Amino acid sequence: MVMTSFDTKHDADVAADRMALQVVSALHKSSTFHYSALYPPVEAFYELMEENTALYGSNFEEAKAVFTNEFQKKVIPAMNKSFEDVIAQGKKSGIDWRSIKFERVECTATEQELTFSPITIVFSANTKEHKLVIDKAIYFKGQWKVSPYVTLQ
């Protein structure tokens, strides 16, 4: 007897679930280190820049250097701060991050090679549902990556 199951989830939905579970794990640990593993690496942006080298002309290497500097000095600290702010806000609201439970992920993005879309991670704490909204999450090469725009609702 052969059993066949059909997965009705799109790749982007599966990737959203995977990222959401990783975010919840980082929240459990209240760990910026674990959360930072979910950031898009600077090399991913280099790939996008290389695909559009005509935009940069002879300034391509300079543009990469400027982007790297901005990424390291502004984007990464902004992502760390947004995560730390969420942790602090949750603690103020009585959330014990170690005991939160993943409920679901809400994502309306369609599958495209590159897209920016909000993703909402719904979790429960003390029988109350909470939402963590990642605005402008990045879907690239089959994976969702977090953005600096994270809020607790």
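Counting from 1413, one number per residue, gives the positions in the sequence shown under our numbering.
C-beta: ideal position from N, C-alpha, C; glycine also.
As the structure is a prediction and not an experimental result, all values here were calculated from the model.
Secondary-structure assignment with DSSP links A1549 through a beta bridge to S1529. Non-local beta-carbon contacts of V1435 in its own chain, meaning distances under 8 Å to residues more than five positions away in sequence, involve Y1447, L1450, I1533, L1544, I1546, V1558 in chain order. Within the stretch 1422-1493, the complete alpha helix (DSSP H) segments at least 4 residues long are 1423-1441, 1444-1448, 1454-1463, 1465-1468, 1472-1482, listed from N- to C-terminus.
Per DSSP, K1504 has no beta bridge partner at all. DSSP places T1520 outside any beta strand (DSSP E), giving it a letter other than H or E. Linking N1538 to A1500 through their CA atoms gives a straight-line distance of about 17 Å. Looking at V1454, H1542, D1425, D1429, the one whose alpha-carbon comes closest to that of A1477 is V1454. Each of T1480, A1438, K1441 was checked against the Cα of Y1458, and the nearest Cα belongs to T1480. Contact between L1564 and G1502 is confirmed by a C-beta separation of about 6 Å, below the 8 Å threshold.
The beta carbon of A1475 sits closer than 6 Å to those of Y1468, all from its chain and outside the five residues before and after it, given in chain order. Across the structure, A1432 and I1512 are spaced so that their CA atoms are roughly 13 Å apart. For the pair K1485 and E1518, the Cα-to-Cα distance works out to about 31 Å.
By the beta-carbon neighbour count (other beta carbons within 10 angstroms, threshold 16), F1445 is exposed. The Cβ atoms of I1531 and W1509 do not sit closer than 8 Å to each other. For V1534, the three-state secondary structure derived from DSSP is strand.
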